[in-house]
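First residue of the sequence shown? That's 14 in the working numbering, and the numbers climb one at a time after it.
For every residue, glycine included, the Cβ atom is placed at its ideal position computed from N, Cα and C.
A quick note: this is a predicted structure, and the numbers were derived from the prediction, not measured.
This report concerns only the one structure given below.
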Amino acid sequence: MDKTTRTLYFILLVTGGAAILIYCFGGGISGNDFWWHVKTGQWICAHKTVPARDLFSWYGTAHDFAWTAHEWLAEVILWHAYSAFGEAGIFLFSLLAAICMIMLLTFQIRVHLTESCLAAGFYICMFCVVSSVFFYGRPQIFAFFLLYGELYCLYEYREGRKRQCIWLVPLIACLWSNLHGGSANLSYLLVLVTLLAGIKEWKFGRIYGEKWTGAELGQLLLILIATMGAVCANPVGPEIFVYPYISMTDQLMMNLISEWAAPDAKKLGQLINYFIPILVLCSGVIFGKRKVKAQDAALMLFFLFLFFRSTRFIIWFYISAAFWAFPYMLPCRLKNVEKRLEKGMVVCVEFALLAACGAGLGTCCETYKNGNLISRVLEEEMLEVIREDAPSRIFNDYNYGGALIYAGLPVFIDERADLYKQDCLLADGVSLMLMQQVNSDAGTVVLDPKALIDRYGFDAFLVDMSRPLYAYLRSHEELYKEVMTQGSAAYFASVWSSED
Numbered sequence: 014m015d016k017t018t019r020t021l022y023f024i025l026l027v028t029g030g031a032a033i034l035i036y037c038f039g040g041g042i043s044g045n046d047f048w049w050h051v052k053t054g055q056w057i058c059a060h061k062t063v064p065a066r067d068l069f070s071w072y073g074t075a076h077d078f079a080w081t082a083h084e085w086l087a088e089v090i091l092w093h094a095y096s097a098f099g100e101a102g103i104f105l106f107s108l109l110a111a112i113c114m115i116m117l118l119t120f121q122i123r124v125h126l127t128e129s130c131l132a133a134g135f136y137i138c139m140f141c142v143v144s145s146v147f148f149y150g151r152p153q154i155f156a157f158f159l160l161y162g163e164l165y166c167l168y169e170y171r172e173g174r175k176r177q178c179i180w181l182v183p184l185i186a187c188l189w190s191n192l193h194g195g196s197a198n199l200s201y202l203l204v205l206v207t208l209l210a211g212i213k214e215w216k217f218g219r220i221y222g223e224k225w226t227g228a229e230l231g232q233l234l235l236i237l238i239a240t241m242g243a244v245c246a247n248p249v250g251p252e253i254f255v256y257p258y259i260s261m262t263d264q265l266m267m268n269l270i271s272e273w274a275a276p277d278a279k280k281l282g283q284l285i286n287y288f289i290p291i292l293v294l295c296s297g298v299i300f301g302k303r304k305v306k307a308q309d310a311a312l313m314l315f316f317l318f319l320f321f322r323s324t325r326f327i328i329w330f331y332i333s334a335a336f337w338a339f340p341y342m343l344p345c346r347l348k349n350v351e352k353r354l355e356k357g358m359v360v361c362v363e364f365a366l367l368a369a370c371g372a373g374l375g376t377c378c379e380t381y382k383n384g385n386l387i388s389r390v391l392e393e394e395m396l397e398v399i400r401e402d403a404p405s406r407i408f409n410d411y412n413y414g415g416a417l418i419y420a421g422l423p424v425f426i427d428e429r430a431d432l433y434k435q436d437c438l439l440a441d442g443v444s445l446m447l448m449q450q451v452n453s454d455a456g457t458v459v460l461d462p463k464a465l466i467d468r469y470g471f472d473a474f475l476v477d478m479s480r481p482l483y484a485y486l487r488s489h490e491e492l493y494k495e496v497m498t499q500g501s502a503a504y505f506a507s508v509w510s511s512e513d
């Protein structure tokens, strides 16, 4: 296949991917986990230090909760971007980051663009749809690029092309532990997988391992040790080394946070966006006839394991697939674009995709005018009522914590779920929110909501109206006064507190 055809297909894929992304971003991006991150970045910039104790929870500050601020550097960057350019800056940063990733992934599979054209097109399209859910104002965006960078270095080393790239891996790990420490363990695990894949020469079915030379083994071992040390180079220190494993083994957090939950093929959206693409990308490795390199098989299994553990790893799986999936895809070759009519058709398709990009940008502009670029779970009117009421011991729904933090209001719990494992605060908060005991070692325990409320002395409640707690508060008007509802949120004040 000639270079011109490959270049044309590359341009079409990138432009098509951009059109899909802009369309998906047209309605704005999620504000989930953004608002408290940007507030933390503001605090760090103002105080010139990284917090080690809780700042935002009235209970957490009163009991001096330790806080692992493992995303401090990303939060500083997000705060500077937001303070300089507002919501438009964060929106454009997220959109351009997703487009940039599309370009990098298309570049990585460029050799296979014309040999496996249908698979490449399907892969890019599905990645665009899924990435629109994950590429928004959160520290994990930086981790996506660090994952790509490390895999690039490891594969360039394996293929003997740019072997000096391998020495960048410890630097990547250091950045990773400061930008998104919660996933920084991947930096040394990927090196370990690469090293073990070539520890000896072996063959099992179609999978084979090529033994590293003594010098290569020594280099990889040195890189592994340096990478593990680099992960600890952050304000928290070695705590980051074990932090991800502690979080991933907490069953309450895995059940509470939707993106941490295991995937469910019975859900149509997950079946289409997750399971079917995974089957397509893995099909060549599993069912093909070509011999499979051990590193490719190991990485496929590694990221499959992470995905089946938690749906949030689907984007990591997609990124990794650009490195190991396409050499084994069934061929579906494009013919060379030589005739004038063929070139004219390609130009027409490209202009149509550019027009789609323009239309999508027009939708984005309308969203900007309506002030909806970043979603908010609480409107200013609700926040103003809470400010005027000035509760000192509010109970808030888990999903409303970030909005309260950004507004400068104290919270009970928020999206920093790992922080609230202390004193069983998260378990108590979720138990009250759902009106059923969770995370109890004593078996089935009947929840006494009044006893739990009295234990913490809540003087106000901010709850989602879909929660069982809302029905409980409504049914006890003599104790709790419904002050305001807005959207799905309801604010109650304790009657005894109002009288005082």
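Bounding residues of the alpha helix (DSSP H) (the contiguous stretch that carries residue i)
{"i": "Ser107", "result": "Trp85 to Gln121"}
{"i": "Gly242", "result": "Gly227 to Val244"}
{"i": "Tyr36", "result": "Lys16 to Phe38"}
{"i": "Asp441", "result": "Leu438 to Leu447"}
{"i": "Tyr469", "result": "Pro462 to Tyr469"}
Per-residue burial, residue i [other beta carbons within 10 Å of its own, 16 or more giving buried]
{"i": "Ser107", "result": "buried"}
{"i": "Arg480", "result": "buried"}
{"i": "Ile299", "result": "exposed"}
{"i": "Pro276", "result": "buried"}
{"i": "Pro152", "result": "buried"}
{"i": "Ala5", "result": "Since the first and last residues shown for the chain are 14 and 513, residue 5 lies out of range."}
{"i": "Asp467", "result": "exposed"}
{"i": "Phe148", "result": "buried"}
{"i": "Ser488", "result": "exposed"}
{"i": "His50", "result": "buried"}
{"i": "Val451", "result": "buried"}
{"i": "Leu294", "result": "buried"}
{"i": "Cys370", "result": "buried"}
{"i": "Thr62", "result": "exposed"}
{"i": "Cys378", "result": "exposed"}
C-alpha gap between residue i and residue j, whole angstroms
{"i": "Lys216", "j": "Leu417", "result": "57 angstroms"}
{"i": "Ile42", "j": "Ala75", "result": "34 angstroms"}
{"i": "Met139", "j": "Val459", "result": "45 angstroms"}
{"i": "Ile259", "j": "Leu312", "result": "23 angstroms"}
{"i": "Ile399", "j": "Val143", "result": "36 angstroms"}
{"i": "Phe514", "j": "Glu490", "result": "Because the chain is modelled from 14 through 513, residue 514 falls outside the range shown and cannot be assessed."}
{"i": "Ala132", "j": "Leu237", "result": "34 angstroms"}
{"i": "Leu234", "j": "Gly297", "result": "31 angstroms"}
{"i": "Ser196", "j": "Leu181", "result": "18 angstroms"}
{"i": "Ser129", "j": "Leu343", "result": "7 angstroms"}
{"i": "Gly1", "j": "Phe364", "result": "The structure shown has nothing for residue 1, since the chain only spans 14 to 513."}
{"i": "Gly421", "j": "Met395", "result": "13 angstroms"}
{"i": "Ile24", "j": "Phe425", "result": "50 angstroms"}
{"i": "Asp549", "j": "Pro183", "result": "Shown here, the chain extends from 14 to 513; a query on residue 549 therefore has no answer."}
{"i": "Leu105", "j": "Phe47", "result": "15 angstroms"}
{"i": "His93", "j": "Lys16", "result": "42 angstroms"}
{"i": "Asn385", "j": "Ile112", "result": "21 angstroms"}
{"i": "Met225", "j": "Tyr165", "result": "In the sequence on display, residue 225 carries Trp and not Met. C-alpha separation (whole angstroms): 18 angstroms."}
{"i": "Met446", "j": "Asp77", "result": "24 angstroms"}
{"i": "Asp477", "j": "Ser405", "result": "20 angstroms"}
{"i": "Tyr433", "j": "Asp410", "result": "14 angstroms"}
{"i": "Thr301", "j": "Trp337", "result": "Here residue 301 is Gly; the residue named in the question, Thr, does not match the sequence. Distance between the alpha carbons of Gly301 and Trp337: 13 angstroms."}
Residue i - DSSP class collapsed to helix/strand/coil
{"i": "Gln499", "result": "strand"}
{"i": "Asn286", "result": "helix"}
{"i": "Gly54", "result": "helix"}
{"i": "Leu475", "result": "strand"}
{"i": "Ile426", "result": "coil"}
{"i": "Arg480", "result": "coil"}
{"i": "Arg487", "result": "helix"}
{"i": "Val305", "result": "strand"}
{"i": "Lys61", "result": "coil"}
{"i": "Lys382", "result": "helix"}
{"i": "Phe78", "result": "coil"}
{"i": "Lys494", "result": "strand"}
{"i": "Phe505", "result": "strand"}
{"i": "Ser145", "result": "helix"}
{"i": "Ser296", "result": "helix"}
{"i": "Ser43", "result": "coil"}
The ligand NAP heavy atom lying under 7 angstroms from the CB of residue i
{"i": "Leu86", "result": "Judged by which ligands are present, the structure shown has none, so any question about the ligand NAP falls away."}
Opening and closing residue of the beta strand (DSSP E) in which residue i lies
{"i": "Tyr72", "result": "Segment Trp71 to Ala75 is the alpha helix (DSSP H) holding Tyr72; no beta strand (DSSP E) there."}
{"i": "Gly222", "result": "Ile220 to Gly222"}
Residue-chain proximity (residue i, chain B), Cβ-Cβ < 8 angstroms
{"i": "Glu100", "result": "No chain B appears in the structure shown, which is made up of a single protein chain."}
Completely contained alpha helix (DSSP H) runs for the stretch 148–218, where each covers 4 or more residues: The stretch 148–218 contains these whole alpha helix (DSSP H) runs: 153–171, 182–192 and 198–210.
Can you list, in chain order, the stretches of the alpha helix (DSSP H) that have 4 or more residues and sit fully within the stretch 311–376? Counting only runs of 4 or more, we get 327–337.
What are the start and end residues of each continuous beta strand (DSSP E) run of 3 or more residues lying completely inside the stretch 389–416, in chain order? Taken in chain order, the unbroken stretches of beta strand (DSSP E) that lie wholly in the stretch 389–416 and span 3 residues or more are 407–409.
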